[in-house]
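Worksheet: one structure, shown below.
2 protein chains.
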Amino acid sequence: MNKEELIKQTAKELFFSKGYLHATTQEIADAAGVNRSLINYYFRSRDLLFQTVYHEAVDSLKSQLDDVIYGNTPFKEKLGLFIDVHMKELQKYPYRESFLITEICSKNFALKEKKKSAALHHFLKEIEVEMEKGTIKKYDPIQFVFNLTSLISFPVIMMPLYQKLLDIPKEKYSELIAQRKQIILDNIFN
Amino acid sequence: MNKEELIKQTAKELFFSKGYLHATTQEIADAAGVNRSLINYYFRSRDLLFQTVYHEAVDSLKSQLDDVIYGNTPFKEKLGLFIDVHMKELQKYPYRESFLITEICSKNFALKEKKKSAALHHFLKEIEVEMEKGTIKKYDPIQFVFNLTSLISFPVIMMPLYQKLLDIPKEKYSELIAQRKQIILDNIFN
DNA sequence: TTGCTGTTTAACAATTTTGTTAAACAAAAA
DNA sequence: TTTTTGTTTAACAAAATTGTTAAACAGCAA
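Listed below in structure tokens is the structure:
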């Protein structure tokens, strides 16, 4: 892998996987095994590296589920896939969303992105259809998305904290997470 | 309010309310309207201030719900209260959990806390009883806690991100959050 | 008053973190 | 071969951040 990509991937590793949001350029360089000056060479400044990583994370979050959503599998299976894809990403990058939140809050983001995801729109329509059919409860389809993503992401994102608060050993916690797909599906389809 | 408390409260304001996790001692001092040296006077170092704030946050998270859980209201009302209390706290401190996660990940926390919350234990027992009664679905009671806290917290914590991703204006988002109590209760009691 | 105590501040020092520059290097082109 | 181009490095400079110190200050007690 070329060094530029390596630096970016390593930064993501630190931020999204290890939740190490305070990483300095030196720490990133060390983790990547490159000279710190390379970060300035390829990204000009620490801030620009962060911006790059940020934007790529947003993009990947947006596009992550396109394939699933546009597939013409029936709704229930589609949700199963939705959960699978999301879970797999969470396993790799549990803190990606946390990083994004922190960045958005830190800078007073004058972000221009206004392009509403077409996939999302499609998904919302599909949810509405199912609500009409009575497969799922009837309210604002966004609330359904809230429910779904909350049930998938939150227990994973909060793992280190909830392990402490609920006093659950690591293995037990992993086991609980592994069972969540079925529990979420049960929950959603009453 | 005495300056020591003022500094602590201001730090919490920045971390928990504004999600500004990168705050420097100077920024905290400015926000509190005190001389930066006071932080060192009262807390010795930046790190000790962080530790203090961290531990108070964990404690408050633990004790936050004790009253509700030990009250002898019936289960359904109790959950309603549980949601109310949680939501109120989230309104004030939406990023408290995010801060804790970040801190835990940053330091390689050699944290000693092992005192399992008695309230939690009591709550889990109560959930099990309801599962036996058939009021709610039957699985590991921890999963019920996961579901409940996820549905309550996640949409609030992710607000700035989901506003962007889902392209929802601020007021609409607040409205959606306001409706969540009922939706969560509906969801849990099938 | 003086002396004692705890609080607050500015000035300074030390450290950490970031950014720049010029030189070294390597591989391909002329 | 020399030149060119892009990459990599160490050394330096600049900036930002933290920690320390001594003096100023305010209130109260002796």
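Top line first, the protein sequences correspond to chains P and L.
Start counting the first sequence at 311; every next residue gets the next number (this note's numbering).
Start counting the second sequence at 311; every next residue gets the next number (this note's numbering).
Ideal Cβ positions, reconstructed from N, Cα and C, are used throughout, including at glycine.
Worksheet item: Under a CB-based cut-off of 8 Å, is L:P479 close to chain P?
Response: Look at L:P479: its C-beta is not under 8 Å from any C-beta on chain P.
Worksheet item: So with Cβ pairs under 8 Å, would you call P:K426 a contact of chain L?
Response: Chain L places a beta carbon closer than 8 Å to that of P:K426, counting this residue as a contact.
Worksheet item: Applying a beta-carbon distance threshold of less than 7 Å, which residues of chain L neighbour P:G329?
Response: Close partners of P:G329 in chain L (Cβ separation under 7 Å): I411, T412, C415.
Item to complete: Identify the continuous alpha helix (DSSP H) that holds L:D376 and give its terminal residues.
Response: Residue range 376-380 is occupied by the alpha helix (DSSP H) that includes L:D376.
Discussion item. Between L:P451 and chain P, is the shortest Cβ-Cβ distance under 8 Å, so that the two count as touching?
Written reply: Output row for L:P451: interface = no.
Fill in: Limits of the unbroken alpha helix (DSSP H) element including L:A367
356-373 is the extent of the alpha helix (DSSP H) around L:A367.
Worksheet item: Thinking C-beta only, is P:C415 closer than 8 Å to L:Y516?
Response: Nothing in the structure corresponds to residue 516 of chain L, since chain L is present only between 311 and 500.
Discussion item. Assuming the contact rule is C-beta atoms closer than 8 Å, P:A321 and P:L358 should be a hit. Round their C-beta distance to whole Å, please.
Written reply: With a Cβ gap of about 12 Å, P:A321 and P:L358 do not count as contacting.
Worksheet item: Sorted by chain position, which residues of the same chain lie with C-beta nearer than 7 Å to P:A429's C-beta, five sequence neighbours on each side aside?
Response: Contacts found: L375, D376, I379, Y380.
Worksheet item: Rounded C-beta distance between L:F409 and L:I446? I'm assuming under 8 Å.
Response: A Cβ-Cβ distance of about 31 Å is found for the pair L:F409 and L:I446, leaving them out of contact under the 8 Å criterion.
Worksheet item: Residues in the segment 431-459 of chain P with C-beta within 8 Å of chain L's C-beta atoms, listed in sequence order?
Response: If you check each beta-carbon in the segment 431-459 of chain P against every beta-carbon of chain L, the ones closer than 8 Å belong to K447, Y449, D450, I452, Q453, V455, F456, N457, T459.
Practice prompt. Have a look at P:V466 and L:L458 and give me their C-alpha separation to the nearest angstrom.
Written response: Taking the straight line from one Cα to the other gives about 14 Å.
Practice prompt. Work out the CA separation of L:D340 and P:S484 for me, nearest whole Å.
Written response: A straight-line Cα-Cα distance of about 43 Å links P:S484 and L:D340.
Item to complete: Can you grab the Cα-Cα spacing for the pair L:R354 / L:A488, in whole Å?
Response: Between L:R354 and L:A488, the C-alpha separation is close to 42 Å.
Discussion item. Does the CB of L:L358 have a neighbour CB from chain P at under 8 Å?
Written reply: Taking a beta-carbon distance threshold of 8 Å, L:L358 does not count as an interface residue toward chain P.
Worksheet item: Are the C-beta of P:I379 and some C-beta of chain L separated by less than 8 Å?
Response: By this cut-off, P:I379 is not an interface position.
Discussion item. Please state the DSSP three-state secondary structure of L:M468.
Written reply: L:M468 falls in the coil class under three-state DSSP.
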